[in-house]
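Chemist: Got a structure for you, questions after.
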Amino acid sequence: MWYVLVGILALAAGVALGFFIARKYMMDYLKKNPPINEQMLRMMMMQMGQKPSQKKINQMMAQMNKQMDGK
Numbered sequence: 005m006w007y008v009l010v011g012i013l014a015l016a017a018g019v020a021l022g023f024f025i026a027r028k029y030m031m032d033y034l035k036k037n038p039p040i041n042e043q044m045l046r047m048m049m050m051q052m053g054q055k056p057s058q059k060k061i062n063q064m065m066a067q068m069n070k071q072m073d074g075k
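End of the sequence shown sits at 75 in our numbering; the numbers just go up one at a time, nothing left out.
Right, here's the structure in full:
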């Protein structure tokens, strides 16, 4: 009976620990390799019919980085 209880507790602890390690790894990976860079942002704005200025792109990148750091 105790073996089953210890096994279930060990399994639950392993799942929780694995989740938090994977989450930390992904957060660090996304911080080092952001999914959107300036060139991609410029192309998206051009496709939407806007003429992107460097100032506007810098503002949007700063806003996206601020949002990523806040989470």
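Just so you know, even glycine gets a beta-carbon here, dropped at the ideal spot from N, CA and C.
1) Would you say P38 and M72 are within 9 Å of each other, going by their C-beta atoms?
2) Which residues bound the alpha helix (DSSP H) around G74?
3) Going by the CB atoms, is the gap between M49 and K59 shorter than 9 Å?
4) Could you check what DSSP says for I40 in three-state terms: helix, strand or coil?
5) Taking the alpha carbon of N62 as the reference point, which residue from G53, M52, D32 and M44 has its own alpha carbon closest?
Modeler: Walking through what the data contain:
1) yes
2) Q58 to G74
3) no
4) coil
5) M44
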